[in-house]
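Protein chains: 2
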Amino acid sequence: MLISPRPDPAPAAHDRLYRGLRARIMHGEIAPGQALTLRGIAAEYEVSMTPAREALRRLVAEGALTLSSSGRVATPELGNDRIEELAALRSLLEVELASRALPRAHLALIDRLQSINARIAEDVTRRDAIAYIRRNLEFHRTLYLRAQAPAMLAMAETVWLQLGPTMRALYGRVRHKEPPHFHRLIIAALKAGDEPGLRLAVRSDVTQGLRMLLG
Amino acid sequence: MLISPRPDPAPAAHDRLYRGLRARIMHGEIAPGQALTLRGIAAEYEVSMTPAREALRRLVAEGALTLSSSGRVATPELGNDRIEELAALRSLLEVELASRALPRAHLALIDRLQSINARIAEDVTRRDAIAYIRRNLEFHRTLYLRAQAPAMLAMAETVWLQLGPTMRALYGRVRHKEPPHFHRLIIAALKAGDEPGLRLAVRSDVTQGLRMLLG
DNA sequence: GCGCGCGATTTGTGATCACATGACCCCATG
DNA sequence: CATGGGGTCATGTGATCACAAATCGCGCGC
Chain A
695 MLISPRPDPA PAAHDRLYRG LRARIMHGEI APGQALTLRG IAAEYEVSMT PAREALRRLV
755 AEGALTLSSS GRVATPELGN DRIEELAALR SLLEVELASR ALPRAHLALI DRLQSINARI
815 AEDVTRRDAI AYIRRNLEFH RTLYLRAQAP AMLAMAETVW LQLGPTMRAL YGRVRHKEPP
875 HFHRLIIAAL KAGDEPGLRL AVRSDVTQGL RMLLG
Chain B
695 MLISPRPDPA PAAHDRLYRG LRARIMHGEI APGQALTLRG IAAEYEVSMT PAREALRRLV
755 AEGALTLSSS GRVATPELGN DRIEELAALR SLLEVELASR ALPRAHLALI DRLQSINARI
815 AEDVTRRDAI AYIRRNLEFH RTLYLRAQAP AMLAMAETVW LQLGPTMRAL YGRVRHKEPP
875 HFHRLIIAAL KAGDEPGLRL AVRSDVTQGL RMLLG
């Protein structure tokens, strides 16, 4: 009796659409206010409307897309107060996640964070905003995975998702010259086992980018 | 030029299903581990499978339902670590929400909270667990609405949703004799404008109920 | 030249159907 | 009596269709 060598050959169409769209939104590949049509998405992924509807509905439920009164979906155009609120949420959640990850952060993790940070520096000099956003989130997610708090991490990712299109607009117009300063503070605090310093560094890193969007 | 007297006569079927199911889950009317079938839900609400699928998918996206590997949906059966994590999330979010509501809390709000609290006492003596859960959440939501932080409130409600079926199991087996003690502390702190006291009272109230579920 | 209204087209909603898969149950067999 | 196999039924997935409403554009009239 042989076990099938591939346990799941078909990852379900609606899930494929969901993952693809989610990644594009979170990484800022879609501008704020851009409308997405059911038939358009369906045609792009070469499926029917049904899975496209489910994927979009799921993203709307997570706040990644807004649903107009007539049912049209589009990426959200965030007002200043909403951006401020989401930044506060990032602060709350990510400071807690970092704090929980601290006692579990061993050397291999710090090495990984430093290598991600090096790649971020490359993306900065290459002026690649989308790659920068993606790797910045990878930096944070790598750290927070050590917190062993999946529900909390999921909530943080939901916030990232909601900020995705806006971050694109931000990094698209701001000229980045410095590699991430606060990331080095985070790594230093991790090395030193300095929890208050880590909390401050994470809060600063999270707040920094969004603050210039408000001014 | 006349404006139509009823701007939205048809609240959309899938949304009606979503709201109905969401309320039932959040208020603990569905036991943990209970399976929900597409055709069953569709028949219960007298619609076809399509809107039922969207409503269930949306609830899955919010964490209110879990999706097995074969696509079946059921209310989640939470492990102790997950419950602990969700309680920590409630603490984080709701302490912040209460803190933001404090400077805006005027007398009318406190009166409303006290009247809700009185009804909770009635529900306790009546041993009505579902009514108790519903009014307890109403108490918290009424306070947090003053925080003017819709995204944060939405996240808190998502956590409530995930805890809904588990809370039912909790209050179903615990014999409640005392009316909510910490609610009175919250009201007292609001009256006194005592922010540290308010934070402590909210954290205690949120943690109290879940702690006995872990032991 | 400008605004308004009407019509064609786009778009979301919901129903129905065909299909594949996983679950469950009953019975035969050791 | 326990156990395994086979078949039936239940269930999720995705496609297609009909319909209604909203949107956009074009042309007419002022």
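Just so you know, the protein sequences line up as chains A and B, in that order. If you use our numbering, the first sequence closes out at 909, no skipped numbers anywhere. If you use our numbering, the second sequence closes out at 909, no skipped numbers anywhere. A virtual CB, placed ideally from N, CA and C, is assigned to each residue, including glycine.
Q | serine 857/A - DSSP class collapsed to helix/strand/coil | A | Here residue 857/A corresponds to residue number 163 of the first sequence, with the count starting at 1. The question names serine, but residue 857/A is leucine in the sequence shown. Leucine 857/A: helix per DSSP, three-state reduction.
Q: Kindly say whether alanine 717/B, judged by its beta-carbon, lies nearer than 8 Å to any beta-carbon of chain A.
A: Walking along the second sequence from the start, residue 717/B turns up at place 23. It does not; no Cβ of chain A falls within 8 Å.
Q | Under 9 Å from the C-beta of arginine 905/B: neighbouring residues of chain A | A | Within the second sequence, the letter at position 211 stands for residue 905/B. Going along chain A, no residue has its Cβ under 9 Å from arginine 905/B, so there is no contact; the nearest lies around 18 Å.
Q) How about serine 698/A: is its C-beta nearer than 8 Å to some C-beta of chain B? A) Here residue 698/A refers to the residue found at position 4 when the first sequence is read from its first residue. Residue placement at serine 698/A cannot be trusted, given a pLDDT of 38 that sits under 50; the coordinates are not used to answer.
Q) With respect to the alpha helix (DSSP H) encompassing aspartate 805/B, which residues constitute its N-terminal and C-terminal limits? A) Here the question's residue 805/B lines up with position 111 in the second sequence. From DSSP, the alpha helix (DSSP H) with aspartate 805/B extends over 801-819.
(Q) Do arginine 828/B and histidine 708/B have their beta-carbon atoms positioned less than 8 Å apart in this structure? (A) For this step, residue 708/B is matched to residue 14 along the second sequence. For this step, residue 828/B is matched to residue 134 along the second sequence. It is not a contact, given that the beta carbons lie outside the stated cut-off.
Q) Closest by CA to isoleucine 719/B, which one among Leu750/B, Glu790/B and His834/B? A) Counting from 1 along the second sequence, the entry for residue 719/B is found at position 25. Among Leu750/B, Glu790/B and His834/B, the Cα nearest to that of isoleucine 719/B is on Leu750/B.
Q. If we ignore side chains and look at the alpha-carbon of each, how far apart do alanine 895/B and leucine 884/B end up?
A. On the second sequence, residue 895/B is found 201 positions in, with the first residue counted as 1. On the second sequence, residue 884/B is found 190 positions in, with the first residue counted as 1. Cα to Cα, alanine 895/B sits roughly 10 Å from leucine 884/B.
Q | Cβ shell of glutamine 808/A (< 7 Å), same chain only, five flanking positions each side left out | A | The sequence position of residue 808/A within the first sequence is 114, counting from 1. Only Ile881 meet the Cβ criterion.
Q) If the cut is a Cβ gap below 8 Å, which residues of chain A does leucine 786/B touch? A) If you number the second sequence from 1, residue 786/B lands on position 92. Here the neighbours are Leu786, Leu787 and Glu790.
Q. When you check each C-beta in the stretch 849-860 of chain B against every C-beta of chain A, which residues fall closer than 7 Å?
A. Met849
(Q) Short of 7 Å in beta carbon distance, which residues of its chain neighbour leucine 837/B, apart from the five on each side in sequence? Order them along the chain. (A) Here residue 837/B corresponds to residue number 143 of the second sequence, with the count starting at 1. Result list for leucine 837/B: Ala792, Ala795 and Leu807, in chain order.
**Q.** Given 8 Å, three or more beta-carbon pairs between the stretch 770-786 of chain A and the stretch 851-859 of chain B
**A.** no
Q. Quick one: does methionine 720/B have its CB under 8 Å from some CB of chain A?
A. Taking the first residue of the second sequence as 1, we reach residue 720/B at position 26. No, no contact with chain A.
Q: Using DSSP bridges, identify the partner residues of threonine 760/B.
A: Locating residue 760/B in the second sequence gives position 66, counting from the first residue. In DSSP, threonine 760/B forms a bridge with Ala768/B.
Q: Below 8 Å on the Cβ atoms is my guess for proline 873/A versus valine 818/A; work out the distance and round it to an integer in Å.
A: Here residue 873/A is taken as the residue at index 179 of the first sequence, counted from 1. Here residue 818/A is taken as the residue at index 124 of the first sequence, counted from 1. Right, their Cβ atoms sit about 5 Å apart.
Q. Using DSSP with H/G/I as helix, E/B as strand and the rest coil, what is alanine 706/A?
A. To locate residue 706/A, count along the first sequence from 1; it is residue 12. Three-state result, alanine 706/A: coil.
Q.
Is there a Cβ of chain B sitting closer than 8 Å to that of glutamate 771/A, yes or no?
A. In the first sequence, the residue the question calls residue 771/A occupies position 77. Judged by the 8 Å Cβ criterion, glutamate 771/A is not in contact with chain B.
Q | For alanine 717/B, three-class secondary structure by DSSP | A | The residue labelled residue 717/B in the question sits at position 23 within the second sequence. DSSP places alanine 717/B in helix when its eight states are reduced to three.
Q: For arginine 862/B, collect the residues of the same chain with a Cβ closer than 6 Å to its Cβ; drop the 5 residues on either side in sequence, then sort them by chain order.
A: Counted from its first residue, the second sequence places residue 862/B at position 168. Hits under 6 Å: Gly722.
Q: Please decide whether leucine 707/B counts as near chain A, where near means a Cβ-Cβ distance under 8 Å.
A: On the second sequence, residue 707/B is found 13 positions in, with the first residue counted as 1. The displayed chain sequence assigns alanine, not leucine, to residue 707/B. So no, alanine 707/B is outside the interface.
Q: Answer yes or no: the CB of glutamine 902/A versus the heavy atoms of the ligand NAD, is any distance below 7 Å?
A: Judged by which ligands are present, the structure shown has none, so any question about the ligand NAD falls away.
Q) Beta-carbon of leucine 682/B versus every beta-carbon of chain A: anything under 8 Å? A) Nothing about residue 682/B can be reported from this structure: the residues present for chain B run from 695 to 909 only.
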